[in-house]
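Chemist: Here you go, one structure.
Chains as they are written, first to last, in the numbering used here: chain A, 9 to 620; chain B, 9 to 620.
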């Protein structure tokens with residue numbers, strides 16, 4: 009049963025501030041840059057269905073999803089403002105989809121143009137994943153423009169999928185190898201009101217892990233696909249992290265729609281497992297490059313952190329659904345961590361290039377240590393963003409995510425308005441008109457003007473839990489705090505000031521996290537800071553943060569961030585490789601927000617710093 | 009020009025103590041255990057030259073060297089005491105060598121039985137490496153027993169090699185891909201007095217890196233083979249670490265024999281590069297598993313340290329030759345580090361099983377983190393020793409090394425007797441009779457009785473440099489210390505007591521060693537200590553060593569070591585993954601000598617410990 013309704017970004021208008029800038033960068037630059045790269049690499053032309061052997065840019069079986077996510081991003085942008093060029097591109101793709109969709113409703117470029125005989129034969133070939141993304145795109149485009157051509161195509165395709173998987177059971181597998189369709193079907197149900205779509209989603213959730221499905225790949229296991237157990241018995245986050253978090257999102261959706269307590273319990277335990285054991289401080293998840301997967305509790309290596317951008321986005325999807333299920337500020341805390349750090353690090357400050365992996369440490373010398381080899385066989389994340397990948401799922405995921413950031417700000421339960429994220433914006437919820445001006449992330453002061461107010465619940469982030477102020481119409485009030493939310497009764501028109509403590513703090517990892525032992529990270533409000541070689545010289549481990557954090561802020565004009573200068577000790581430069589004495593000299597470390605790392609050329613980087 | 013003559017182990021008798029025990033374990037157990045495994049795996053039977061397709065145990069092209077090193081070990085043991093069983097085995101192999109050696113003198117099992125047409129066609133196929141080891145074995149066996157059958161065979165083979173490489177130049181390469189023959193030829197020259205052998209060694213040194221040799225392997229480079237530059241221009245340790253240190257040993261030999269200052273300069277710079285930038289605190293070298301190679305300065309990762317047992321042995325060969333070239337205690341310091349730590353860790357306490365790689369850290373959970381994969385694709389060193397490897401070079405290298413440990417104790421220059429290592433033993437140098445009883449490694453008191461004494465030079469290890477005592481005939485004396493050696497004039501018969509400070513100390517790595525930052529190691533005299541999960545629980549990074557080291561010793565009856573209990577702080581067990589406070593509780597860490605790790609089952613291990 010739903011506890012809390014989310015307010016959709018379509019009902020939220022961003023106001024000037026940090027996120028409106030990011031939204032604008034996405035609308036003005038990123039969406040077109042990704043389009044250009046996808047055009048160049050044949051992803052858009054693939055919709056002509058005319059690829060033949062010998063031509064370049066052979067379509068991959070996941071390309072439909074790349075373009076679909078891009079369409080969803082374009083739709084989200086169009087939801088907010090006219091953009092004829094974007095609309096034209098989408099309409100053109102939609103026409104091609106309608107033109108090339110099979111009589112029976114099937115739609116997939118690869119399995120029509122290249123291997124038409126192998127439809128639904130391998131669960132790892134992403135057909136239902138592509139179908140899910142196309143469906144999400146169709147819903148978003150319909151909502152943004154009222155145009156239902158793509159929506160109708162996708163309804164036909166979903167009808168066909170239902171026939172193949174539920175009625176005929178003629179596919180070679182029962183549930184998809186890459187989840188996504190589950191949550192997409194719930195969106196389709198919300199858009200169309202057709203309960204069949206919800207039931208089909210439930211079908212995929214109910215049947216997952218019930219039978220031994222054929223593995224798509226010889227090195228994978230059922231666990232990799234979250235198929236080793238029925239969903240209701242999955243309590244630890246396992247396997248491919250993007251797939252996992254899309255699945256958990258779908259599970260939460262079904263738990264909400266069917267008031268399914270067993271599913272809800274599984275979702276809560278899965279969230280707890282991630283939150284308590286497998287979450288990087290940046291909001292990144294999926295520790296290992298092998299299988300792009302969750303590993304074991306407390307295994308949080310930094311230089312080899314995989315932490316795919318898409319996985320952090322998927323985690324936000326999961327957390328935002330959990331927010332609807334249960335009063336607990338941890339969901340909003342995780343969303344905040346991810347959006348300001350592990351997701352935003354996925355895109356360059358100029359909006360044009362991307363990280364797939366978001367490591368928390370770069371030691372360039374280590375990455376290039378095998379100087380005598382022709383091929384460096386050691387695997388490390390890349391150290392500079394690129395404009396397109398061969399598997400380029402993250403860039404369009406950022407397109408759709410940044411354009412719908414308004415989804416994560418507000419919620420409503422009966423008469424109570426929830427403020428999850430302090431993002432400058434205005435909205436109207438029932439009769440309550442809200443206008444929020446937030447200094448986040450660098451300034452913790454949030455000013456909210458409301459009309460026709462009712463009760464408010466403000467998320468108080470962990471870093472401010474013991475130190476925040478709420479001023480209602482000029483008077484400081486002591487709110488009731490429950491599960492991390494401060495509840496404030498407000499009547500009529502009112503001015504509310506929430507003063508969140510975003511002062512820099514040292515933060516420490518659990519003693520079982522081997523790789524962060526003897527180290528601290530420095531956070532200021534939602535921002536995780538990092539040190540870069542550019543500012544401090546490489547070999548950042550020469551520096552040590554003293555017990556008491558001493559800092560000053562500095563504006564970084566080059567990259568537009570608010571940086572931190574912290575007092576540090578530097579290992580005295582000793583000639584010997586080993587010595588019985590260790591001495592330090594007083595020094596400083598210049599820290600920048602983690603999301604801004606790797607924007608000024610290759611260098612060392614560290615989130616976790618040696619600490620007294 | 010030689011500065012200092014080494015005293016051979018054949019002129020040294022070990023007395024009761026640490027190393028005599030190790031010698032005995034090798035003679036009683038290890039030599040036969042390695043023999044059994046080599047017999048089972050076909051390495052000895054390969055000398056029948058009767059392998060045919062379809063039979064098990066197809067000979068590998070480096071198998072000759074495995075048996076050769078074993079023979080050298082057996083010979084060293086025979087040098088000290090009769091052992092009819094060992095002698096019988098060796099004689100049998102020698103008979104087969106004589107029987108199957110080619111008319112022209114060529115000898116190699118693989119390139120006779122399996123690919124006779126490919127002799128000397130690929131420099132990476134270890135023919136000259138095998139020839140070198142067979143030669144060393146022949147010399148050792150001749151010296152130990154007076155039997156010259158193998159020596160004659162090898163002289164014939166070397167003559168043939170000289171013909172092929174020097175006179176006819178008919179091989180497909182100029183210099184070997186795996187060095188070893190260079191130093192072996194110098195040994196052969198010393199044994200036979202035949203200058204041709206010395207000249208052939210010089211030929212290989214002179215011609216190395218002068219021409220672009222064909223690579224033996226598509227991922228290697230000239231640098232991997234130490235072939236990117238002429239030897240006299242090689243100043244940094246590069247590529248495959250065993251090959252490198254065997255080469256550097258040969259270069260030092262030639263520098264000595266020919267008074268070649270350019271070669272000596274290269275050797276000194278190579279040693280400096282290793283000593284200052286690439287040497288693990290255990291005496292291990294060769295940082296990377298990729299190419300088993302040296303990497304770059306200060307790259308001293310612990311859990312992925314390769315540090316092959318053979319490389320530490322090879323480094324000792326190099327250092328002991330440098331000891332002859334120049335007065336500098338660093339050579340003896342490195343030998344000490346290696347013999348008590350990175351070499352000895354290569355063999356189990358029961359003498360039967362071996363490490364090829366000797367990591368300085370094990371985090372079991374990390375090694376097994378990819379729980380969802382059928383095949384763990386991540387490479388980590390093994391965590392328990394095994395009795396034989398498919399590439400089993402290290403076990404017989406330990407056989408020959410442990411049986412010749414007496415090589416590293418004494419030197420002589422004119423009338424000055426050098427004591428490099430404090431190993432209980434007696435010897436006669438010129439007219440000086442020396443009997444040394446040493447408490448090493450756990451007790452720093454060394455008692456030396458001499459007759460017909462002359463000047464002595466005692467190596468003062470770095471950990472005792474500022475705190476040692478020398479008592480001559482009951483009277484404390486202040487010696488002249490030069491290049492790390494304390495020079496003491498002694499006349500007639502005398503009792504000398506050298507009191508070396510072996511008290512436990514914290515030691516720190518250079519600030520540029522990223523992986524040891526914020527950490528210390530604990531050493532007591534020559535012994536590097538480590539913490540094991542067995543004694544302390546896994547996740548050893550929960551512990552932190554306070555500023556001031558507080559310790560007590562404890563006898564470990566189970567493994568026969570003297571252990572350390574040190575005061576430590578343990579991270580208080582906090583539930584949260586991240587928190588703004590970090591608290592410690594007072595605790596202890598039980599440390600064991602590094603050489604004894606992994607003798608009580610699998611667990612975490614750490615040499616470098618978090619330090620205040």
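Glycine included, every Cβ here is placed at the ideal spot set by N, Cα and C.
So, using beta-carbon positions, are residue 553 of chain B and residue 576 of chain B closer together than 8 Å?
Modeler: Yes. Within cutoff.
Chemist: Excluding five sequence neighbours on each side, which residues of the same chain lie with their C-beta closer than 6 Å to the C-beta of residue 612 of chain B?
Modeler: Hits under 6 Å: 370, 371, 372, 541, 546 and 548.
Chemist: Counting only the same chain and skipping the five closest in sequence on each side, list residues whose C-beta sits under 6 Å from that of residue 412 of chain A.
Modeler: For residue 412 of chain A, where only same-chain residues beyond five positions count, the Cβ hits under 6 Å are 17 and 84.
Chemist: When the Cβ atoms of the stretch 463-474 of chain A are set against those of the stretch 306-322 of chain A, are three or more pairs found closer than 8 Å?
Modeler: Because the criterion of three Cβ pairs below 8 Å is not met, the stretch 463-474 of chain A and the stretch 306-322 of chain A do not touch.
Chemist: Please report the residue range of the alpha helix (DSSP H) in which residue 30 of chain A lies.
Modeler: 26-33 is the span of the alpha helix (DSSP H), which, as asked, contains residue 30 of chain A.
Chemist: Suppose only complete runs of 4+ residues qualify. What are the alpha helix (DSSP H) ranges in the stretch 250-296 of chain B, listed by chain order?
Modeler: 269-281, all fully within the stretch 250-296 of chain B.
Chemist: Would you say residue 249 of chain B reaches chain A, if we count a Cβ-Cβ gap shorter than 8 Å as a contact?
Modeler: So no, residue 249 of chain B is outside the interface.
Chemist: Let me know the secondary structure DSSP gives residue 430 of chain B once reduced to three states.
Modeler: DSSP places residue 430 of chain B in coil when its eight states are reduced to three.
Chemist: Whether or not the stretch 462-469 of chain A and the stretch 385-393 of chain A are in contact is what I'm after, with contact meaning three or more pairs of Cβ atoms, one per stretch, closer than 8 Å; do they touch?
Modeler: Judged by Cβ distances under 8 Å, the stretch 385-393 of chain A makes no contact with the stretch 462-469 of chain A, as fewer than three pairs qualify.
Chemist: Can you tell me where the beta strand (DSSP E) holding residue 500 of chain B begins and where it ends?
Modeler: Note, residue 500 of chain B: beta strand (DSSP E), 493-508.
Chemist: In chain order, which continuous runs of the alpha helix (DSSP H) of length 4 or greater are located wholly inside the stretch 84-135 of chain B?
Modeler: Taking only runs of at least 4 residues, the alpha helix (DSSP H) segments lying wholly in the stretch 84-135 of chain B are 92-108.
Chemist: Tell me the rounded alpha-carbon separation between residue 32 of chain B and residue 298 of chain B.
Modeler: Approximately 35 Å, taken between the alpha carbons.
Chemist: Any beta carbon from chain A within less than 8 Å of residue 405 of chain B's own beta carbon?
Modeler: For residue 405 of chain B, the answer is no, since every Cβ of chain A falls outside 8 Å of its Cβ.
Chemist: Taking the alpha carbon of residue 618 of chain A as the reference point, which residue from A:233, A:353, A:603 and A:578 has its own alpha carbon closest?
Modeler: Out of A:233, A:353, A:603 and A:578, A:578 has the C-alpha closest to the C-alpha of residue 618 of chain A.
Chemist: Checking contacts by CB at 8 Å: is residue 279 of chain B closer than that to chain A?
Modeler: Not an interface residue.
Chemist: What in chain B is Cβ-close to residue 549 of chain A, meaning under 9 Å?
Modeler: Here the neighbours are 519, 520, 521, 522, 523, 524, 525 and 526.
Chemist: Quick one: which chain A residues come within Cβ less than 8 Å of residue 377 of chain B?
Modeler: Ordered by position in chain A, the residues that pass the 8 Å Cβ test against residue 377 of chain B are 295, 296, 303, 304 and 307.
Chemist: Does any residue of chain B bring its CB to less than 8 Å from the CB of residue 299 of chain A?
Modeler: Residue 299 of chain A counts as touching chain B.
Chemist: For residue 610 of chain B, which residues in chain A fall below 8 Å Cβ to Cβ?
Modeler: Under the 8 Å cutoff, chain A gives no residues; its nearest Cβ is about 16 Å from residue 610 of chain B.
Chemist: For residue 441 of chain A, does the three-state DSSP call read helix, strand or coil?
Modeler: Strand, per DSSP.
Chemist: Buried or exposed: residue 60 of chain A, going by 16 or more other Cβ atoms within 10 Å of its Cβ?
Modeler: Residue 60 of chain A is exposed by the Cβ-count criterion.
Chemist: Secondary structure at residue 68 of chain A, three-state DSSP: helix, strand or coil?
Modeler: Coil, per DSSP.
Chemist: Helix, strand or coil for residue 561 of chain A, going by three-state DSSP, please let me know.
Modeler: Strand.
Chemist: To which residues of the same chain is residue 309 of chain B closer than 6 Å at the C-beta, ignoring the five residues directly before and after it?
Modeler: Cβ within range, chain order: 523.
Chemist: Taking all protein chains shown into account, decide if residue 128 of chain A is buried (16 or more other Cβ within 10 angstroms of its Cβ) or exposed.
Modeler: Label assigned to residue 128 of chain A: buried.
Chemist: Measure the beta-carbon distance from residue 335 of chain A to residue 491 of chain A and round it to whole angstroms, keeping in mind my assumption that it falls under 8 Å.
Modeler: About 5 Å separates the two Cβ atoms, so the contact holds.
Chemist: Among A:586, A:521 and A:516, which has the Cα closest to the Cα of residue 555 of chain A?
Modeler: The residue with the shortest Cα to Cα distance from residue 555 of chain A is A:516.
Chemist: Compute the distance between the beta-carbons of residue 161 of chain A and residue 119 of chain A, then report whether it is under 8 Å.
Modeler: Not a contact, by the Cβ cut-off of 8 Å.
Chemist: Is the beta carbon of residue 53 of chain B sitting closer than 8 Å to the one on residue 65 of chain B?
Modeler: Yes, they are a contact pair.
Chemist: Is there a Cβ of chain A sitting closer than 8 Å to that of residue 287 of chain B, yes or no?
Modeler: So yes, residue 287 of chain B belongs to the interface.
Chemist: Bridge partners for residue 188 of chain B per DSSP, in chain order?
Modeler: Per DSSP, none; premise fails for residue 188 of chain B.
Chemist: Where residue 596 of chain A and residue 47 of chain A are concerned, what is the direct C-alpha to C-alpha distance, given to the nearest angstrom?
Modeler: So the alpha carbons of these two residues sit roughly 46 Å apart.
Chemist: Determine the DSSP secondary structure at residue 247 of chain A, reduced to helix, strand or coil.
Modeler: Residue state, collapsed to three classes: strand.
Chemist: Rounded to the nearest angstrom, what separates residue 210 of chain A and residue 262 of chain A at their Cα positions?
Modeler: Computed Cα separation, rounded: 6 Å.
Chemist: Assuming residue 377 of chain B and residue 296 of chain A form a contact by the criterion Cβ under 8 Å, report the distance between their Cβ atoms to the nearest whole angstrom.
Modeler: Indeed, because the Cβ distance is near 6 Å, the residues count as touching under 8 Å.
Chemist: Rounded to the nearest angstrom, what separates residue 511 of chain B and residue 587 of chain A at their Cα positions?
Modeler: Their backbone Cα atoms lie some 15 Å apart in a straight line.
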